[in-house]
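Presented below is the structure to which this report refers.
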Amino acid sequence: MKKVTVRCGHTPKRLVLEVAEEDIHYIQCQLIQVRLSPEQARAVCGHCDCMAPQMWFDAEGGGACMTIDPSQLDLRGKTVVIQPVG
């Protein structure tokens, strides 16, 4: 499991989630895709309104995926930071 920290510039609070390593994937253009459970997706959306547009919801499983920049991945492999780009 890896810790995923959710943060943005709109609120000082942070949300920390536990995500299985197999749910973190490197995809095209050297981006990272993080798969979230339905509960985690709801928690991220509740963190700040800016998070929901960053997600792709899975109609079958009810979870969601977010794509992030690899510069937000801790190179020690312990933490992934989900933060809106721009």
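Read in numbering that gives the first Met the number 0, the sequence shown has 38 at position 39, and its numbers run on one by one without any break.
Idealized CB from N, CA, C, for every residue including glycine.
As the structure is a computational prediction, the values presented were derived from the model and not from experiment.
**Message:** So residue 40 and residue 54 are supposed to be a Cβ contact under 8 Å. How far apart are they, rounded?
**Reply:** Locating residue 40 in the sequence shown gives position 41, where the first residue counts as 1. Locating residue 54 in the sequence shown gives position 55, where the first residue counts as 1. Confirmed, Cβ separation roughly 6 Å.
**Message:** Check for me: the alpha helix (DSSP H) holding residue 44 runs from which residue to which?
**Reply:** As a position in the sequence shown, residue 44 is number 45, starting the count at 1. In the DSSP annotation of this structure, the continuous segment of the alpha helix (DSSP H) that includes residue 44 starts and ends at 37 to 46.
**Asked** Can residue 32 and residue 64 be called in contact, C-beta distance under 8 Å?
**Response** The residue you call residue 32 lines up with position 33 of the sequence shown. The residue you call residue 64 lines up with position 65 of the sequence shown. Contact flag set, yes.
**Request:** Have a look at residue 56 and residue 34 and give me their C-alpha separation to the nearest angstrom.
**Result:** Translated into positions along the sequence shown, residue 56 becomes position 57. Translated into positions along the sequence shown, residue 34 becomes position 35. Roughly 10 Å separates the two Cα atoms.
**Item:** residue 14 versus residue 25 - alpha carbon distance
**Value:** For the purposes of this step, residue 14 is taken as residue 15 along the sequence shown, with counting starting at 1. For the purposes of this step, residue 25 is taken as residue 26 along the sequence shown, with counting starting at 1. If you take the alpha carbons of residue 14 and residue 25, they lie about 22 Å apart.
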